[in-house]
Amino acid sequence: MSADVTAVVVRLKLSLLRNGLRQSGGRRAAYVASAVITLLFAALQLLGLIALRGNAHAVSVAVLLVAVLAVGWAVMPLFFPGGDETLDPTRLVMLPLRPRPLVRALLAASLVGIGPVFTLCLLIGSAVSVAHGGAAYVVAVVGVVLALLVCVALARAVAVANIRLLTSRKGRDLAVLSGLVIAIGAQLANFGVQRLGSSGLAQLDPAGDVLRWVPPASAIGAVDSASSGSYGVAVAQLVLSAGALVALVALWSRQLTRLMISPDGSTLQAATESAARERTSTGLGRLLPGGRTGTVVERSLRYIWRDPKTKAAWVTSLAIGLIVPVFNALQGTGSIYFACFAAGMLGIQMYNQFGQDTSAFWMVATTISSPRDAYVELRGRALALLVITLPYATLVTVVTTAMLGDWARLPEALGLSFALLGAMLATGAWTSARFPYSIPQEGYKNVAPGQTGLAWISIFGGMIAAALLCAPVITLTIWLNVMRDGDRWSWVLLPVGALYGAAVTLAGLRLAAPRTAARLPEILAAVSKG
Amino acid sequence: MTSAVSVHGLWKRFGQQIAVAGIDLELPAGKFIGLVGPNGAGKTTTLSMITGLLRPDQGSVSVVGHDVWRDPVEVKARIGVLPEGLRLFERLSGRELLGYSGRLRGLPGAEVDKRAAQLLDVLDLAGAQHKLVVDYSTGMRKKIGLAAALLHNPEVLFLDEPFEGVDPVSAQTIRGVLERYTASGATVVFSSHVMELVESLCDWVAVMAAGRIRAHGTLAEVRGEAPSLQQAFLELVGAHGRDAGSDLDWLGGGAAR
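Chains as they are written, first to last, in this note's numbering: chain A, 4 to 533; chain B, 437 to 693.
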C-alpha cells in the first residue's frame, strides 16, 4: 500500500517535470541548459574535490561545502516556494492519505530532480576527497546517503513551516526582508572568496573543526574520522546525522499532519495571536521629551523596527554604510573618507518622510495647523534618525580609522561625516515636503507607478544638493590638506563640520516646515497613490 | 439655529470628472447628521474638503465659525475625523495609536492615557489593545479610528462610512458611543448609503447625488410623503420606476431552464 503511494507520488513528480518542459520550447531549452550547466558544474566540483585528496585541509573544505549545501537546501524553498509543486502538501489535502506513507512518498519524490543529483555529486566528491582505506569507504556510502536525506528532509520541513508562515502577516513581512538577506549574503560571500584566494585554505580549519560535528556535515566528518582510524568518533558523527534526519522527519511529519487537519493560517492567526503578549513601553518613552517631539521620535523608532519596508531600507543603509568603508579598508584599497558613506546612506532615510507614512499621513495632517507644528514634526523625525545615525556614523568612522591606522585624519573624517549628515537631513526634509511620493506596501517596489520621475528628482536632486551644501567643509578640508602646516589645524574640521551640519539641518527644517504646512492636502494625495 | 458647518459654492474636479458641483449647505449644531447618497455621489470628496484633507477648486468651508483653509489652528483642534479608505499607523498597537494621536494633538500624556483606557474599554477593544492595528478586523479598525477621533473631545465629528463592513455587535457599540456623544450637545456628521441606518440614527439629513445636494433638512422634511427614507431617496436620485421584475421573467426556482 505505502509502496503504491510512493510510486504514485514519484510518478507525479516526474509528470510535473515533464509537463513543465512540454509547455514551451523556450522553457525546455532553459531547463536543459540549466541542467547541463548544473551537472557540468557538479562534475567540475567532483573533479576538484578528488584532486584535493591528500591535501591537509581537504576535510575542512569538504565539511564546509556540505554545510553550505545544507543551508542552500534550507533557504531554497523560502525563496522559490512555487518551484516544486509537490513541495506544497496543501495540494494533497483532499486525498485520503495517512501521514506516514505520505512522508515516505514525499521524501522519495524529493530525491528526483537536478538538485538532488547535483548534491549527490558534491557529496560523493566530498567523501572521496577525505576517504582513505576500506572502512572509510564503507562509512562514506552510509554518510553520503545520510547527508543527502538530511538535506532533502530539511528542505521539506522548512517548506511546510513556510506554508504556514506565508499565509500570515508576519510571513509576508519576512518575505520583504528576504531579498535583503540574499544581497548582504552575496556581499559577504564575495568578500570571503576574495580573502580565501589571497590567504589559502588554512583559513577554513577553525570552521571545519566545528562543522565536522554539525549534521549533515558530520556524515562527511565521519568519513575522515574513519580514514584516520578513529572508528568510535566516526560512529558518533554518523549517529549525529542520523539523529538529525529522524528529528527532521518527525518535525516535518508533525507539521504536515497539523497543516492537513487545521484551517489555513490566515484565519488561524486571529485566534492564536489574540492571546497577545503585553507590549509594554520599553522605557524608551520615559527617556524622550514630552509633547509632539517625543511622540514623533517614538513613533519613528517603532516604525524602523516594526514596518517591514522601513526596516528593509534601514538594514540596507546600515549594512552598506558599514560594508563599503570597512571592506575597502580590509582589502587595502580603503580611504578614511569612505567612512562618510555611513552618514550618506543613513541620511537617505530622511528623504520622502511622509511617503513612509503611506496614507496614514492624514493622522499627521489633521494635527498640523501651523508651520510651527510642521517644524516640530520634521524635527522629531530628524531626531529619531540622529538617535541611530550619529553613534553609528561615528562608530564606522572610528572603526575605519582604526583599521587604516590613520588617527591623525579622524577629526576631519568625522567633521565631514557630520556635515554630510546635516546636509542630507536638510535636503531630505525639504524634498519630503516638495516631492513626496507613495511607497507601495506590498511587493518589492519602492515607488508607486507613475511617480518614478518624482522619486528620482527627490533622491538624486537632493543628493546633489547635499553635496553642494557640503562644499564649504569639503573646500576647507582640501585647503588644510594642501596648505603647508595645514595638518596642524585639521582638528578644527571636527567642530566646524559638526556645527555646520547642525546649522544646515536647522535651516533645512525651517525652510521645509512652512512648505509642509501649506501643502498638507497635496502631500496626502501624493503619498496615498498605489 | 447655529451652524456647525457651513459650506458655500464648493467645487472639485478630477480631470474631466466633476466630483462635487457647487454645494451650499448649512449643517445645524448639536444634531446627528447623515450625508446620504449612492456610490460615487461625492460624499467622501465633500467630507475630505470640509475636514481639510482635500483642497477644493472653489468655495469656502467654515466649521464652528472658523474658515477651514484660512484658520486651521482654530478648526483642527475642534474637529475629529474618521476618513474612509486611508490607512492608520498600523504598526502601532491600538493603545499606542491612541497615545500617539492624543499627544500629537498636544494633550498631556497622563490625560491621554486615561482617556485612551476608557475609550478602549467602552469600545470593547481592551482585550486587543496590545495587538498591532495591522492585525485588527475591519470592525476593530473602525472602532480604533473612532476612538482616535474622539480622544481630544472635538465639537464636531466627521465619520466617512463608519459602519461599512462592520459586524452588528461592533456597529451597536459604535452607535451607543455616538448617541451618548450627541446627547451632550456635540455634532456628528456621517456619510452612508444604508438608508435604514440613517433613518434610525439621524435627526437631520442631506441627500447627495452626482456631486450636488438634492435635498436637506430634518428627517421628516426630507422623507415628506414617502413611507420611508429609502423610498424618498430613490425618488430624489431618480431611480424609481426601474423595476427589474418584468425583464428577468425566466429567473426563478421551479421551472428548470
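Glycine residues also receive a C-beta, built at the ideal position from the N, C-alpha and C atoms.
Looking at residue i: is its Cβ nearer than 8 Å to the Cβ of residue j?
i	j	result
A346 of chain A	T392 of chain A	yes
L518 of chain B	L568 of chain B	no
M631 of chain B	A477 of chain B	no
V106 of chain A	V252 of chain A	yes
S230 of chain A	V133 of chain A	yes
L471 of chain B	F626 of chain B	yes
T508 of chain A	L381 of chain A	no
A651 of chain B	L633 of chain B	no
A164 of chain A	A70 of chain A	no
R648 of chain B	A457 of chain B	yes
E600 of chain B	V500 of chain B	no
R698 of chain B	R309 of chain A	Any question about residue 698 of chain B goes unanswered here, given that chain B covers just 437 to 693.
I580 of chain B	L561 of chain B	yes
A316 of chain A	Q352 of chain A	yes
L214 of chain A	V66 of chain A	yes
Just list the residues that DSSP pairs residue i with in beta bridges.
i	result
M644 of chain B	B:I649
D596 of chain B	B:S627
F468 of chain B	B:V624
H502 of chain B	B:V499
V456 of chain B	B:K448
E462 of chain B	B:S442
Does the ligand SAM have a heavy atom nearer than 7 Å to the CB of residue i?
i	result
V12 of chain A	The model on display carries no ligand, and the ligand SAM is accordingly not part of it.
Kindly list the residues whose CB is nearer than 6 Å to the CB of residue i, restricted to its own chain and excluding five residues on each side of it in sequence; keep chain order.
i	result
K532 of chain A	S441 and A451
T400 of chain A	A342, A416, L417 and S420
L49 of chain A	C124 and G128
A422 of chain A	C473, V476, G500, Y503 and G504
I323 of chain A	M348
G86 of chain A	Reliability fails at G86 of chain A, whose pLDDT of 47 lies under 50, so the model's placement of it is uncertain and the value that follows must be treated cautiously. For G86 of chain A, where only same-chain residues beyond five positions count, there are no Cβ hits under 6 Å.
A143 of chain A	A130, A134 and V226
L595 of chain B	L518 and F626
R659 of chain B	L665 and A668
L386 of chain A	V300
Quick one: residues in its chain with C-beta nearer than 7 Å to the C-beta of residue i, no 5 flanking neighbours on either side, listed in chain order?
i	result
G408 of chain A	none
D360 of chain A	V367 and V530
P102 of chain A	S256, L259 and T260
A245 of chain A	L149
So residue i is in the alpha helix (DSSP H); what residue range does that whole segment cover?
i	result
Q454 of chain A	No alpha helix (DSSP H) holds Q454 of chain A; DSSP gives it neither H nor E.
I467 of chain A	G465 to L472
L388 of chain A	P374 to L407
G224 of chain A	A220 to S230
P604 of chain B	P604 to A619
Y536 of chain B	G530 to L540
F364 of chain A	F364 to A368
W433 of chain A	L413 to R437
G511 of chain A	L496 to A521
L655 of chain B	L655 to R659
A250 of chain A	Y234 to I264
Y306 of chain A	G294 to R309
M3 of chain A	The question about residue 3 of chain A has no answer here: the residues shown for chain A are numbered 4 through 533.
Q334 of chain A	From DSSP, Q334 of chain A is part of no alpha helix (DSSP H); its letter is neither H nor E.
Could you please give the first and the last residue of the uninterrupted beta strand (DSSP E) stretch that includes residue i?
i	result
A440 of chain B	S439 to F450
S496 of chain B	Q494 to V499
V517 of chain B	I515 to L518
Can you list, in chain order, the residues of its chain whose CB lies under 8 Å from that of residue i, leaving out five sequence neighbours each side?
i	result
P517 of chain A	P374 and A377
E276 of chain A	Since pLDDT at E276 of chain A reaches only 42, below the 50 mark, its modelled position is unreliable, and the value read off the structure follows with that caveat. There are no such residues.
L110 of chain A	L152, V155, A156, R159 and V252
R25 of chain A	R31
G136 of chain A	A229 and S230
E281 of chain A	Any answer about E281 of chain A is weak, because its pLDDT of 45 lies below 50 and its placement is not dependable; what the coordinates show is given next. Excluding positions up to five away in sequence, the list is empty.
A552 of chain B	R531, L534, G535, G538, A583 and L587
A279 of chain A	Confidence in A279 of chain A is poor, its pLDDT being 43 and thus under 50, which makes the residue's placement too unreliable to answer from.
Taking Cβ-Cβ distances below 7 Å as the criterion, which residues of the stretch 589-614 of chain B are in contact with chain A? none
Residues of the stretch 518-537 of chain B in Cβ contact with chain A at a cutoff of 9 Å, in chain order, please. P519, G521, L522, R523, L524, F525, E526, R527, L528, S529, R531, E532, L533, G535, Y536 and S537
When Cβ atoms are compared, which residues of the stretch 286-307 of chain A fall closer than 9 Å to chain B? G288, G293, G294, R295, G297, T298, V299, E301, R302, R305 and Y306
Mind listing which residues of the stretch 417-444 of chain A have their C-beta closer than 8 Å to chain B's C-betas, in chain order? Answer set for the stretch 417-444 of chain A: empty.
So if I threshold CB-CB distances at 9 Å, which residues from the stretch 542-560 of chain B count as touching chain A? G542, P544 and G545
For the stretch 342-370 of chain A, which residues have a CB atom closer than 8 Å to at least one CB atom of chain B, in sequence order? D360, T361, S362, A363, W365, M366, V367, A368, T369 and T370
Anything in the stretch 500-513 of chain B with a Cβ closer than 7 Å to a Cβ of chain A? List those residues in chain order, please. P508, V509 and K512
Using a Cβ-Cβ cut-off of less than 9 Å, list which residues of the stretch 657-672 of chain B approach chain A; keep chain order. none
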